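Just so you know, the sequence shown maps onto residues 279 to 573 in this note's numbering.
Glycine included, C-beta positions come from ideal geometry on N, C-alpha and C.
Because the structure is a prediction, the values reported are computed rather than measured.
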Amino acid sequence: MADPEKWELLALQQEFDWVLQHEVPSAIRRLRVVIEECARHFPQSVAKIVTPPKLEKFVMATASHNAQDSIKCIVTVLGDNITHADITIKLHKNTSQYHGQLQTEWKLQQTQDSANHLQTCCYFLDSLDDGQVKSAEEAMHALNQVIAYLHKGRNCLIIPKKRTIDDLVSSRNMKSLIPNLPSDLTISFYIQAHKLIFAVYLLSQQQGHVKFETFQADCSVPWLNEVIVLYSDALQLCQQLKDKIMVFSQYKDANLLGSHCASPDSWEMEGKGIIVPGEGSGRPGMTGAGDGPPT
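Here it is as structure tokens:
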């Protein structure tokens, strides 16, 4: 091998050693800062970030092109629970207007699930000492773990789970309404991206099958937007570091660098299948799990 090539490989090895010794620990510290900032925006405590539950009130109202159809809901949210809701539903296909309230809290499970994934990510990062990552394989493994937690937490807020109509009708939340909803109506509260959504489903029987029409109102929730942006920032930091390590992995695959580098094969195997979409209930009912409304 010519001397210039030796010097080039030596420089690459030194640069990679510097990445492992300095840039990886620095990136992990930056990740901690971003993730802790994300945790501070949640309306409840996450890991070591203690946040008193925040009381918020939102108004959701909409009217369709047909002025006879309108829904309105004024909700009070404390942490990850809707503690009060004043609901008015007027649909032209329904015989009478409904006005009711919640008797018990309605839990926004998506908020809790997202906070749980973020908390797991915080604890995992806390378990990494600055000098613990000594090879590309260890760096890739740690980054893939962090990315998995972040994707799961972010997807909880962006992709609401699907549930069947009969699941909604029989849920304990329906029993918390005073007065009871008419038999041809059911409702749902759920989060999608930066919005809280109030959905009303008008049920009807057609040829022995239950069909439904959906009416919904929504409102923007400021902290949700902040959390989703910070999730994205943390994921971008992880991906940038993975891309840099991957460059050195290509040299290692050609047997040009030492054993500190990970092979592209191991990177690809660990990098796949990270994004976790919303899951269906998997339970048969009046509608298929994949066709049911989100909740």
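- [ ] Report the three-state DSSP secondary structure of Glu383 (helix, strand or coil).
- [x] The residue you call residue 383 lines up with position 105 of the sequence shown. Looking at Glu383 - three-state DSSP - the assignment turns out to be coil, as it is neither helix nor strand.
Open item on the list: Measuring only the C-alpha atoms, how far is Leu297 from Arg308?
Closed with: The residue you call residue 297 lines up with position 19 of the sequence shown. The residue you call residue 308 lines up with position 30 of the sequence shown. Note that residue 297 is Val in the sequence shown, not Leu. Going from the Cα of Val297 to the Cα of Arg308 covers about 15 Å.
Open item on the list: Cutting at 7 Å between CB atoms, please list the residues of its own chain near Ala393, excluding the five before and the five after it.
Closed with: Residue 393 sits at position 115 when you count from the first residue of the sequence shown. Result list for Ala393: Phe320, Gln322 and Val324, in chain order.
- [ ] Would you mind sorting Asp404 into buried or exposed? The rule is 16 or more other CB atoms within 10 Å of its CB.
- [x] As a first step, residue 404 must be located in the sequence shown, where it is residue number 126. So Asp404 ends up on the exposed side.
TODO: Round the Cβ separation of Ile352 and Asp364 to the nearest angstrom and send it over; I've been treating them as touching at under 8 Å.
DONE: Numbered from 1 along the sequence shown, position 74 holds the residue referred to as residue 352. Numbered from 1 along the sequence shown, position 86 holds the residue referred to as residue 364. About 5 Å separates the two Cβ atoms, so the contact holds.
Open item on the list: Classify Thr492: buried if its beta carbon has 16 or more other beta carbons within 10 angstroms, exposed otherwise.
Closed with: Here residue 492 is taken as the residue at index 214 of the sequence shown, counted from 1. By the neighbour-count rule (16 or more Cβ atoms within 10 Å), Thr492 is not buried but exposed.
Task: Spatial distance of Gln518 from Pro457 (CA atoms) - done: Position 240 of the sequence shown, counted from the start, is the residue given in the question as residue 518. Position 179 of the sequence shown, counted from the start, is the residue given in the question as residue 457. Gln518 and Pro457: Cα-Cα distance of roughly 54 Å.
Task: Own chain, CB closer than 7 Å to His395, minus 5 neighbours either side, in chain order - done: Counting from 1 along the sequence shown, the entry for residue 395 is found at position 117. If we look at His395 and ignore the five residues flanking it on each side, its Cβ neighbours are Tyr427, Lys430, Gly431 and Cys434.
Open item on the list: Within a Cβ cutoff of 7 Å, which residues of the same chain sit near Arg310, ignoring the five residues on either side of it in sequence?
Closed with: Position 32 of the sequence shown, counted from the start, is the residue given in the question as residue 310. Cβ neighbours of Arg310 beyond the five flanking positions: Leu403.
Open item on the list: Looking only at its chain, what residues have a beta carbon closer than 6 Å to the beta carbon of Val505, apart from the 5 residues adjacent to it on each side?
Closed with: One-based indexing of the sequence shown puts residue 505 at position 227. Around Val505: Cys316 and His319.
- [ ] Starting from the C-beta of Val302, find all residues in its chain whose C-beta is less than 6 Å away, skip the five residues before and the five after it, and write them out in chain order.
- [x] For the purposes of this step, residue 302 is taken as the residue at position 24 of the sequence shown. Cβ within range, chain order: Val411 and Ala417.
- [ ] Could you check what DSSP says for Met364 in three-state terms: helix, strand or coil?
- [x] Here residue 364 is taken as the residue at index 86 of the sequence shown, counted from 1. It should be pointed out that residue 364 corresponds to Asp in this sequence rather than to Met. Strand.
Task: Cβ pair Leu386, Asn359 closer than 8 Å - done: Sequence index remark: in the sequence shown, residue 386 carries index 108 (1-based). Sequence index remark: in the sequence shown, residue 359 carries index 81 (1-based). Contact: yes.
Task: Alpha-carbon spacing of Leu369 relative to Gln470, whole angstroms - done: As a working mapping, residue 369 is identified with position 91 in the sequence shown. As a working mapping, residue 470 is identified with position 192 in the sequence shown. Those two C-alpha atoms are separated by around 24 Å.
Task: CB-CB length for Ile425 against Cys516, believed under 8 Å - done: Taking the sequence shown and counting its residues from 1, one reaches residue 425 at position 147. Taking the sequence shown and counting its residues from 1, one reaches residue 516 at position 238. Contact flag correct, Cβ pair sits at about 5 Å.
Open item on the list: If you reduce the DSSP assignment to three classes, tell me which class Val424 lands in.
Closed with: Taking the sequence shown and counting its residues from 1, the one referred to as residue 424 is at position 146. Note: Val424 maps to helix in three-state DSSP.
Open item on the list: Tell me which residue opens and which closes the alpha helix (DSSP H) that Ser304 is part of.
Closed with: To locate residue 304, count along the sequence shown from 1; it is residue 26. Element bounds for Ser304: Val302 to His319.
Open item on the list: What does the Cβ neighbour count give for Trp285, buried or exposed, with the cut at 16 atoms within 10 Å?
Closed with: By 1-based counting over the sequence shown, the position of residue 285 is 7. Exposed is the call here.
Task: Rounded Cβ spacing between Phe526 and Ala414 (contact assumed at less than 8 Å) - done: Here residue 526 refers to the residue found at position 248 of the sequence shown. Here residue 414 refers to the residue found at position 136 of the sequence shown. That belief holds up - the Cβ atoms of Phe526 and Ala414 are roughly 6 Å apart, short of 8 Å.
Open item on the list: Less than 8 Å between the beta carbons of Pro460 and Gln388, yes or no?
Closed with: In the sequence shown, the residue the question calls residue 460 occupies position 182. In the sequence shown, the residue the question calls residue 388 occupies position 110. No, they are not a contact pair.
Open item on the list: Between Ala512, Asp511, Phe476 and Val507, which has its C-alpha nearest Cys497's C-alpha?
Closed with: Numbered from its first residue, the sequence shown carries residue 497 at position 219. The candidate whose alpha carbon is nearest that of Cys497 is Phe476.
Task: Top-ranked residue by Cα proximity to Gln346, from Gly378, Thr373, Ala305 and Lys522 - done: Locating residue 346 in the sequence shown gives position 68, where the first residue counts as 1. Checked all of Gly378, Thr373, Ala305 and Lys522; the closest Cα to Gln346 is Thr373.
TODO: Flag this pair as yes or no: are the beta carbons of Ser454 and Gln381 separated by less than 8 Å?
DONE: Here residue 454 refers to the residue found at position 176 of the sequence shown. Here residue 381 refers to the residue found at position 103 of the sequence shown. In this structure, Gln381 lies closer than 8 Å to Ser454 by Cβ.
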